[in-house]
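Accompanying notes for the structure given below.
Residue numbers (this note's numbering): 240 to 402.
Rendered as structure tokens:
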């Protein structure tokens, strides 16, 4: 009886999570800066809305994160890297597009859950560890819990400030 109750609770949580993710989408990224023609959305849910500086393309951002597969398996996290925040320039190559889309528009101190479709994640490519073990299967939806630790606004050039 307990086993059935536990299975029922887990199913309800999974269905509820799916419903939440299907009702939230990332900020509009179809501007001139994103000309890739991507049509699928990153699904987002802000769990804490930050009150600091907003992350915009060109800004240097630092985040703490946990990356999971849909079944809950953790495939990467800041904790696995000594709890050192991941720092990157928003919009620069080097991270999967869906992660950057999901961080765009967050404010310092904010926390967000992002569901990234395969087309904006690793796609048909499986990710393996150094021993050849698959840690992210091909065509996986990626779920990230992200906390935006800091934002350093993009430096403005003289020509931008003169306009």
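Positions of the beta carbon are idealized from the N, C-alpha and C atoms, including for glycine.
Which residues share a DSSP beta bridge with residue i?
i: residue 287; result: 350
i: residue 306; result: 315, 383
i: residue 389; result: 301
i: residue 366; result: 375
i: residue 355; result: 381
i: residue 282; result: 354
Is it buried or exposed for residue i, if we count other Cβ within 10 angstroms and need 16 for buried?
i: residue 333; result: exposed
i: residue 240; result: exposed
i: residue 280; result: buried
i: residue 282; result: buried
i: residue 382; result: buried
i: residue 339; result: buried
i: residue 341; result: buried
i: residue 311; result: exposed
i: residue 294; result: buried
Return the Cβ separation of residue i and residue j in integer angstroms, given the expectation that the two are a contact with Cβ distance under 8 angstroms.
i: residue 289; j: residue 347; result: 5 angstroms
i: residue 300; j: residue 390; result: 5 angstroms
i: residue 380; j: residue 309; result: 5 angstroms
i: residue 325; j: residue 304; result: 6 angstroms
i: residue 337; j: residue 360; result: 5 angstroms
Pick helix, strand or coil for residue i, following the three-state DSSP scheme.
i: residue 329; result: coil
Query raised in the report: At a cut of 8 angstroms, does the stretch 314-322 reach the stretch 352-362 through at least three beta carbon pairs?
Result: Verdict: no, contact absent.
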